[in-house]
Amino acid sequence: MTTRDRILARIRRAVPAPAPDEATPEAALAAIPRDYLRVHDATWTPARTADLLAANLTEYRAKVHRTDEAGLPPLLARLLSGSRTVLIPPALPPHWLSGTSATLVPDQESSNAHDLDGVDSTVTGCALAIAETGTIVLDGGPDQGRRRITLIPDHHVCVVRVPSQVVDSVPQALERLDPTRPLTWISGPSATSDIELDRVEGVHGPRTLDVILLGAQ
Amino acid sequence: MTRTDLGMPAFPPAAPFPPGATFPPGATSQAFPAFPEAAKEAVRDDVLRANLRRATHTIRDKRARAVTELADWDRLRAAGKAVKDHTLRHLDHYLLQLEAAVTAAGGTVHWAADAEEANRIVTALVLATGEREVVKVKSMATQETGLNEALEAAGIAAYETDLAELIVQLGHDRPSHILVPAIHRNRDEIRDIFRTEMAGWGRPAPEDLGDDPRELAEAARLHLREKFLRAKVAVSGANFMVAETGTMVVLESEGNGRMCLTLPDTLISVVGIEKVVPTFRDLEIFLQTLPRSSTAERMNPYTTMWTGTADGDGPSAFHLVLLDNGRTDTLADETGRQALRCIRCSACLNVCPVYERAGGHAYGSVYPGPIGAILSPQLRGTGSDIDATLPYASTLCGACYEVCPVAIDIPEVLVHLRERVAQGGPVTRAGIRVRLRPAHGHTAERAAMRAARLLLDRPGALRTAERLLARARRLRPRRLPGPGRAWTDTRTLPDLPAEPFRDWWLRERGTRP
Ligand code: SF4
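Protein sequence lines correspond, in order, to chains A and B. So the mapping is simple: this note's numbering equals the position in the first sequence, first residue as 1, plus 5. So the mapping is simple: this note's numbering equals the position in the second sequence, first residue as 1, plus 523.
So this is what it looks like as structure tokens:
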């Protein structure tokens, strides 16, 4: 008997055997009441949702900026003015970085963690952002790239399209995400409270997180 | 195969119990002292107590605010409970579904009946890569199995990368809290540990390292960075596993999790079988309740979700080790199985008056506080002094139940386990149903009295406990037969006999409480 069989047999002995007329697991799961809220305030307008996202991101020490398409390249140029090198995912819209004087480093399959460690900043889009929790979610799409590029450099600039990429709540976010893709949920820069509960921002991930809300102003 | 290890390497192996054997509590003497003895030391330690008090009160107040923000908290809590109960009811179904989904996504699934088997599997997987070091993300499951010691015995160095776990590891210490495992250490102690120990493990701490948390975190960042960048193998746990899709979920704050889950070539996740949830959608409940209950945040800084392996992004080999280690035995107990709903948020620790005074180490396992008091004796059995006395490490005040995001009725399970210790009864150990013999009267009674003394050492704690006990009246006080009867005869103090206690106090202290 394999361990797998043994564990499964123990489980079957531990719980009552399913009655013949018992609902299938799927049907029983569907019958569980889910009367919690899909959104915590149904009166939200897209503008208020964006404000809430900005407020929650700010509370967790991300730096939030707002601009429109025309204002994006100069804003990025300003945010990257202290960076010598900028790591970019495969399909970032080229005009975004048209005003930036830093050296652009395309992410390559062959580049290892040590190579990326020397890069100052990274710029990406996102899959979506969640207003209620102040979260941006990356799914490895072409404007976001591999997970490591938003992890190793010390500065991450993330562009969120408003309102199309902003959802109100966690339930709405999960509906729109594809679980087969690698997902990274980011709510502010990394932090620790392990030493006497004093919050310290920036341990291993990027210590600076700039979020740009891109939309009509 | 009979030993259920919960990560206290100081434990000698428990006596094996053949089929049909009975386990009188206290019959096997183990190295870890019973809860009251272990707690006594902590109560005497003023620094530890002050740290704990500050920590638990801070987190508890913040949690209350984070929870109040959600008008539907009770409904989320009820749904979380229902989904977890449903999953446990059909655990075989969901584990098989999970196995199929992980395999289809390019991962490999292994099954481990106990700690030893899990450690053997992980050790073999690491050795097969040819590597001799691994980086680790904080994982209760591998602490439970004592994986680091097993790897070390095989010549593999395991580096903890969570800041608190690093402090614990470098300090040759044990974690004392689920969420903030080094909460018993002050900043100057941490600085001293970093100064003396870091060099032996890799990049040394700066000569002039001060005790500012920022400086200490920076020292840890630099120390660990070289390990992350060169690591080829990582070991993790997981907060959730989605049966439908094979998706693994890890919540964290520091980014060490992302480093371990993303950069190495091989990722090995050791996860308790109860961590499975049916569908991706079910995460909408727990991703709202866990961060708020745990760190009192709307969302923790980083959450990583991965499904098998992804081309060119992240590890090219993924192994999932599904761990039983006493969980199916716990599942066999109708009252006790609710402990398997636990999502390890640690909210119950932060509201517990006994934990606040006793500290995490007194619980003798990686699971401290109220959840530890019901989980450890079930996973390990009540055969040792510590496990037989853990169900008494509580005033039954009910605060833990109130805050639990999956509504585990911890007092109910405690009463049930006390009954089992005092009265004996059927239990399942290593998949076999056996009868537990009742404890000798004095053993159980002594345990209760010592627990009482611990709690009642200070009048302030007594008042708090009495006030809280008043709220616990909804608990049907059960009568324990034999030696236990004396304690259950009084209704307001289900575990503390008023008269005998006062007599005892007078005898011990010569004053009125
Ligand atoms: S028992 Fe409940 S409150 Fe305690 S750690 Fe588990 S989920 Fe959290």
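Don't be surprised by glycine CBs; every beta carbon is placed ideally from N, CA and C.
Open item on the list: So, at 8 Å on beta carbons, what are the nonlocal neighbours of A/Pro-211 in its own chain, with the 5 sequence-adjacent residues on each side left out?
Closed with: Thr-127, Thr-155, Leu-156, Pro-158, Asp-159, His-160, His-161, Pro-194, Ser-195
Open item on the list: Assuming B/Gly-760 is part of the alpha helix (DSSP H), what are its boundary residues?
Closed with: That residue, B/Gly-760, is in no alpha helix (DSSP H); it is neither H nor E in DSSP.
Open item on the list: I believe B/Tyr-517 touches B/Ala-766 by the beta-carbon criterion, under 8 Å. Please report the beta-carbon distance rounded to the nearest angstrom.
Closed with: Any answer about residue 517 of chain B is impossible in this case: the structure gives chain B only from 524 up to 1036.
Task: Near-chain B residues of the segment 82–102 of chain A (beta-carbon distance less than 9 Å), N- to C-terminal order - done: Within the segment 82–102 of chain A, no residue places its CB atom closer than 9 Å to a CB of chain B.
Task: Proximity test, B/Val-929 beta-carbon vs ligand 1 heavy atom, cut-off 7 Å - done: yes
Open item on the list: So, for B/Leu-991: in the same chain, excluding its five sequence neighbours on each side, which residues have a beta-carbon less than 8 Å away from its beta-carbon?
Closed with: A caution first: B/Leu-991 carries a pLDDT of 41, below 50, which makes its placement in the model unreliable, though a value can still be read off. Cβ neighbours of B/Leu-991 beyond the five flanking positions: Pro-876, Thr-918, Cys-920, Gly-921, Ala-922.
- [ ] Give a yes or no on whether the minimum CB-CB distance between B/Phe-540 and chain A is below 8 Å.
- [x] No answer about B/Phe-540 holds up, because its pLDDT of 26 lies below 50 and its placement is not dependable.
Open item on the list: Taking a contact to mean a Cβ-Cβ separation below 8 Å, would you say A/Glu-137 touches B/Arg-821 in this structure?
Closed with: yes
TODO: Could you name the residues that DSSP lists as bridge partners for B/Tyr-682?
DONE: B/Val-658
Open item on the list: Please state whether the Cβ-Cβ distance between B/Ser-792 and B/Val-844 is less than 8 Å.
Closed with: yes
TODO: For B/Gly-1005, decide whether its Cβ has a neighbour in chain A, counting only Cβ atoms nearer than 8 Å.
DONE: Unreliable placement is indicated for B/Gly-1005, whose pLDDT of 31 sits below 50; the coordinate value is still reported in the next sentence. Cβ-Cβ to chain A under 8 Å: no for B/Gly-1005.
Task: Cβ-based burial, A/Gly-123 [other Cβ within 10 Å; buried from 16] - done: exposed
Task: Whole runs of the alpha helix (DSSP H) within the segment 839–864 of chain B, excluding any shorter than 4 residues - done: 850–854
- [ ] Tell me whether B/Pro-893 counts as near ligand 1, meaning its Cβ is closer than 7 Å to at least one heavy atom of that ligand.
- [x] yes
TODO: Grab me the residues of B/Gly-1007's own chain with a C-beta within less than 6 Å of its C-beta, minus the 5 sequence neighbours each way, in chain order.
DONE: The predicted model places B/Gly-1007 with a pLDDT of 33, which falls under 50 and marks its position as unreliable, so this point remains unresolved.
Open item on the list: Run through the DSSP bridge pairs and tell me what B/Asp-836 is partnered with.
Closed with: B/Ala-833
Task: The beta strand (DSSP E) enclosing A/Ile-135, as first and last residue numbers - done: 133–135
- [ ] Would you please state the rounded distance, in angstroms, between the beta carbons of A/Cys-1 and A/Gln-149? I believe it to be under 8 Å.
- [x] Absent from the model: residue 1 of chain A. The displayed extent of chain A is 6 to 222, so no value can be given.
Task: Chain-ordered chain B contacts of A/Asp-203 [CB-CB under 7 Å] - done: Result: Pro-736.
TODO: Determine, using beta carbons only, whether A/Arg-18 comes closer than 8 Å to chain B.
DONE: yes
- [ ] Show which residues of chain A have a CB atom less than 8 Å away from the CB atom of B/Gly-954.
- [x] Residues of chain A with a Cβ closer than 8 Å to the Cβ of B/Gly-954 are, in chain order, Arg-11, Ala-14, Arg-15, Arg-18.
Task: 7 Å Cβ cut-off: residues of chain A touching B/His-642 - done: In the sequence as displayed, the identity of residue 642 of chain B is Asn instead of His. Result: empty, since nearest Cβ-Cβ is about 13 Å, beyond 7 Å.
Open item on the list: Check whether chain A comes within 8 Å of B/Gln-473, counting only Cβ atoms and requiring the distance to be less than that.
Closed with: Any question about residue 473 of chain B goes unanswered here, given that chain B covers just 524 to 1036.
Task: Proximity to B/Thr-610 [Cα-Cα], best of A/Asp-173, A/Thr-185, A/Glu-31 - done: A/Glu-31
Open item on the list: Give me, in chain order, the residues of the same chain whose beta-carbon lies closer than 6 Å to that of B/Pro-893; leave out the 5 immediate sequence neighbours on both sides.
Closed with: Cys-871, Cys-875, Cys-923, Ile-933
Task: Any chain B beta carbon closer than 8 Å to A/Thr-129 - done: no
Open item on the list: Taking a contact to mean a Cβ-Cβ separation below 8 Å, would you say B/Val-936 touches B/Ile-897 in this structure?
Closed with: yes
Task: Residues of the segment 792–822 of chain B with Cβ closer than 9 Å to any Cβ of chain A, in chain order - done: Against chain A - using a Cβ distance shorter than 9 Å - the residues of the segment 792–822 of chain B are Ile-796, Pro-801, Thr-802, Phe-803, Arg-804, Asp-805, Leu-806, Glu-807, Ile-808, Leu-810, Gln-811, Pro-814, Thr-818, Glu-820, Arg-821, Met-822.
Task: Cβ contact check for the segment 789–803 of chain B and the segment 735–745 of chain B: 3 or more pairs under 8 Å - done: They do not touch, by the three-pair rule.
Task: B/Ser-499 - DSSP class collapsed to helix/strand/coil - done: Since the first residue of chain B shown is 524 and the last is 1036, residue 499 of chain B is not available in this structure.
Open item on the list: Is any non-hydrogen atom of ligand 1 found closer than 7 Å to the C-beta of B/Arg-867, if you look at the structure I gave you?
Closed with: For ligand 1, at least one heavy atom lies less than 7 Å from the Cβ of B/Arg-867.
Task: Closest by C-alpha distance to A/Arg-204, when choosing among B/Arg-710, B/Ala-722, B/Leu-614 - done: B/Arg-710
Task: A/Gly-26 burial status per 10 Å Cβ neighbour count (16 or more: buried) - done: Here residue 26 of chain A turns out to be Asp, not Gly, going by the sequence shown. With fewer than 16 Cβ atoms within 10 Å of its Cβ, A/Asp-26 is classed as exposed.
Open item on the list: With a threshold of 8 Å between beta-carbons, can B/Tyr-825 be considered close to chain A, or not?
Closed with: Yes, B/Tyr-825 counts as interfacial toward chain A.
Open item on the list: Looking at chain B, is there any beta carbon in it that lies within less than 8 Å of the beta carbon of A/Val-208?
Closed with: Yes, contact with chain B.
Task: Where B/Thr-581 meets chain A, residues with beta-carbon distance less than 7 Å - done: Leu-202
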